[in-house]
Structure formats: C-alpha cells, structure tokens
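Read the structure below first, then the notes.
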Amino acid sequence: MGKLKITIADILRRDLFQNAKLIAGEGGKNRKVKWTHILEMEDFDSFINGGELILTTGSNLQFDSSAGIDQLKKLIKYEVAGICIELGTHIKTIDPSIIEYANQHQFPIIVFTCIVKFVDITQDLHSIIVNSHHEKLHHLHNLSNEFNQLSLASNGILKIIKKLYDYFGKTIFLITDEEKIYYYPIKCKDIAASTLSKSNDDNQQNSYNHLFINGEVYTIFPIKGLGYSWANLYIQESIENIDDFSFSIIDRATLAIAQILLRNRTIEERKQNQEEILVQQLLQGKEYDTSTALKILPTPAENLYYRLMVIENNLKPKNLKDNEWEEIKLQQSIILRSIFRKHSFFPSISVTKRKIAIIASFYKTSYGNKSDVNLFQKIIKDIKNINEEDIFNGKNLYISVSSLQKDYSQVTNCYGEANEVLRLQRQGILDVVFFDDIGIYRLLTKLNPKDLENYCLHYLEPLLQHDDLLLTLTVYLETMGSKKETSDRLSIVRQTLYHRLDKIEELLGHDFMEPIKRQAIEMAIHAYKLLNKNQKEKSFIEKYNK
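UniProt numbering numbers the first residue of the sequence shown as 1 and each following residue consecutively.
The following block contains the structure:
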C-alpha cells in the first residue's frame, strides 16, 4: 500500500543529500513528503498544511537549546514530514533535548554541515514529487481499466477483490445486501462468515467504520448505487493507514463492483414481467394462474404471512417517453427489492407511475408476534432516505401498510386497507402508516357521507357555531379529562377552561363525559374531521360556521 509515495528515506538517497545527516527521527523515515517549504520565520503556523519537508537555516529556531522544544511540538502537531537545517550560520549544533524529543515522536531532523542551495533542493524535490503524481495518475488509470475489464469477466467481483489484495497485501472480503460473501485469500472465509452474522444482529455499517475481528482492525467501504448501499467491502487496515492514493484505488474498485451488482440485478429484474401481471391480478381481485403464482410467491406454510405495502408519489407524474419510464420503473423495482430482501422479506412488486404495490411475504413464529412491524418501520426509514433525482425521492412519498394476512386471496382487501391509510395521510387526518393503527376510521371511512353528517349533527350541532368550544372539547377528551394538560395545550388559563367546560356541559348535557355518551361524542369528532377534510362534503360544516 502506498508504494508510489515519496518518503524521507527516498529524499535522503538524492544526490543533493549526500552530505546531509539524519540526526533524529530514524523511525519516521517512512513519512510521506507532499511538498517542500523554505521557512525562516518564527510564526509559521499559517504556512503549514501538513506533509511538508521544511528547509531552514534556523534563523528563527531555537533548536540549539531546550527552548526550541515548543517549536518542535508545533511542527509535530501540524504533521510536518520533517525538517532540514543548515548548520553554521544561525545554529551551530542541535541540542540533545531536541534530538531526544524528535526521536520519541519519530520526527526526522536532517542537518547539512555545509552551505547548500535550498533553491536547488526545492527544484529537485518538487520535480520528483510532480513526477510521482504523474506516475500515480498513470497507475490509477491502468488499474481503473483493469477493474472495468474484470467487471465484464465471469466471477468479476472475486477477481477485483484479488486485484485489491495484490495491491494492499491485506485480507479483503465483501458482503452484499443479499448476504453473498466474496473473499481473498481463501483462508479468510470464516472471518467473512462471522462478520455476516454480526451485521445480521443489527449492525448498520457506516462509511469508514472500524470493525474488530479476531483482534484485527478492518475498515468498511460501502458500495452504493441508485442511492442505496448494495454491499460492504472490508479491508484489513485502519483508516489512518490508508493514504489518498489508496483511497482512489478503492474507489475505482468499488465502482466496478457496483456496476456488476447493478447489472446482475437489472438482468434479474427484466425477468419479472410475470410477477408484475400476477400482483396486478391479485390487487384487482381477478383470477390468476395458480402454477404461475407458485413460481413467484413463496409456497404457503403455517408460519408464512404477508402485508401489502403501497407507495404513492405525492408529486404530479412527469411526462415521460415509454423507454424513459421503463428504465425508471426498473431502477425503482431494483431498489425496493434490495431493501426488502435485506430485511429477510420475499417481495413481489408492481410498479406504476402513480403507485407501487409490494406483497411483502415473510416467516414469523406466531400471528401475535409484532416483530414484523419493527422491520417494516426500518424498511420505511430506508425508503424515506433514498434521494435519487428523477428516479426515487423518499421525501415525496406516502407509504401505507395493510393488516397481516396469510391467504393471498385477501390481497385485494389489503389493497383497499392500504389505500384508506393513504387517503387519511393525504387529508392530514392521521399520521400513521399501518392499517392496524387507524382505529375508529376503519368504520368511519366505510359509512355514507350523509350518515356521517347526520351523526355529527346529532352529537355536535350545539358546538358547531363555537370553534373554541369544539376545540376545547376535542383536547379535553384527548387528554382523558385532564384540566391541567388541556389548559397547557390550549395555552389558556384554568379559569377560561372552567368557563368553556361549563358552557359545553350546558350545550351537550351534564352527562357528556359518561362512558357511552363520551364514546359517541369522540366518534362524532373524528367523523367531523373526516368530513371537514373532504371538500365535497364541506357545505354542511360551512352552514353552521357562518
């Protein structure tokens, strides 16, 4: 790793350094030199970027006494590669305390015992540094071409990993979101497998995280495409020891691997036409070919369940040509299928311009086990975090999830449930995702609007002319009759609340908080919200608010 960098050791071998002597920091000879800098000033902080080899006559250094240790500390703090000092003019000798401190921190101090031309040294070193940069670029270009060629070969991922191993000389393995493992050398198979089990336990791997395996540190490099992470590449090296050039090599390799993964999924996804037709037939309650269903849907089992997720774009669909839409549709399906599979679901997907429906099948121990709810919440979070322009933007989506089912003949009912949740989301009535959580609205959404209107009038008519009273009653019921919490939420003093509650009791009757009547009033308030959000049914509300 880092074979093409220029180090202190390389510089000491140059002709202009034949009369130079390394008097301290022998352990730092492998430090990388990025540039050279002639400095003859005391306050050099703002001129240091890190990685420089400083050339100086020592006019403003106190390296001939222990007082210079503070200046040496600054050089080390700013990650200077080393310092060359011309002895004689300003500094005769280097104090032993300076040498001792430099040795402790492996900071190279090079001295010239005769006058040297710093201009010649600067020109020479800059020449080899620039040439090194050109050599690196040429090497990187060749490696990129090799990675691209390997990406087209059979078993390309493993060949790319072996190429990385040849460069780094370190254990390297890759784990895809579908739990496939690629590794090199062969002996690291067990390490890769144990890492897979750890990541399954819940470990969401982030860019450049460290992972300790058998006492060795590994750096994680995510492989991404279409705004989603397809795999993680693990290299047995700490991030601090990976230089910029090596990062560039890893970047080219991960890009080539991402192309392989995306190409494979694209091929797989193009075979899903039968799945699209089957899902649409199930959504619409139409007859379908049983033999086809058995090929696409998981085989029914005692512990096999499913929920239907529906995703709706809340932006107006763009006018797209057929070929443009087919490509976007393909990529959306690839992204969603990968997310669901990562969480151990078996997705069957139908993608249209306005809605996406996913029959998400999975195994669970019992009907009452709610572990799948947490998994769906993680999936929704993953979807919401996707931000691929013109392909998939999670922030512009409504997402709903049906009740839990076993029989695929219920898919059309699940579709109705999911659409009810979407309707409540669009209208701003409820901020929930699961049909299980819409409560009383399961009934209200099925009632005739006229019946809802009559029901609201029966229980709420006296309050419809008093917005403050209706709001007060709503909050009072939501807080389970807590006067303190109600006054806090409404930002009113307690006396104002008491006055409003007295007025409500006068209009609705003293028994309005009795269980049966209270339940009826709460249902009427929810019906009021439902009607008030539906513009077509708003006339009856306006009549009482004038």
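Glycine is no exception: its CB is placed at the ideal position from the N, C-alpha and C atoms.
Tyr476 sits in a helix when the DSSP states are folded into three classes.
Beta-bridge pairing by DSSP links His37 to Ile54. Judged by DSSP in its simplified three-state form, Glu505 adopts helix. Here the alpha carbon of Glu287 sits roughly 24 Å from the alpha carbon of Phe362. Assigned with DSSP and collapsed to three states, Tyr408 falls in helix. An exposed status is given to Ala153, since fewer than 16 other beta-carbon atoms sit within 10 Å of its beta-carbon. Contact annotation, Lys163 with Phe173: C-beta distance approximately 14 Å; criterion of less than 8 Å not satisfied. Taking 8 Å as the cut-off, the Cβ atoms of Thr479 and Thr486 count as close.
Spatial neighbours of Ile311 in its own chain (CB-CB distance under 6 Å, excluding positions within 5 residues in sequence) are listed in chain order as Ile356, Leu397 and Ile399. For Asn145, the enclosing alpha helix (DSSP H) covers residues Phe118 to Ser151. Annotated three-state conformation of Met513 is coil, per DSSP. Runs of the beta strand (DSSP E) lying entirely within the segment 340-406 and spanning at least 3 residues, in chain order: 346-351, 355-363 and 397-401. The alpha carbon of Val217 has as its nearest neighbour, out of Ser238, Lys74, Leu477 and Ser344, the alpha carbon of Ser238.
Scanning Lys74, Thr266 and Leu53 for the CA closest to the CA of Gln62 turns up Lys74. Distances from the alpha-carbon of Ala253 to those of Ile157, Lys381 and Glu276 put Ile157 closest.
For Thr352 and Ile160, the gap between their C-alpha atoms comes out near 37 Å. Inclusion of Ile213 and Ser229 in the CB contact set at 8 Å is not warranted, their separation being larger than that value. Taken atom to atom, the span from the alpha-carbon of Trp35 to that of Glu389 is near 40 Å. Here the alpha carbons of Asn264 and Ile85 stand approximately 59 Å from one another. Uninterrupted alpha helix (DSSP H) stretches at least 4 residues long and entirely within the segment 432-500 occur at 441-444, 449-460, 467-478 and 483-490, given in chain order. An exposed status is given to Ile186, since fewer than 16 other beta-carbon atoms sit within 10 Å of its beta-carbon. Checking the DSSP bridge columns, you'll see Lys224 partnered with Ser229. Contact fails between the segment 422-434 and the segment 327-340, because fewer than three Cβ pairs, one in each stretch, are under 8 Å apart. Two segments are said to touch when three or more pairs of C-beta atoms, one from each, lie closer than 8 Å; by this definition the segment 106-115 touches the segment 21-40. An exposed status is given to Ser482, since fewer than 16 other beta-carbon atoms sit within 10 Å of its beta-carbon.
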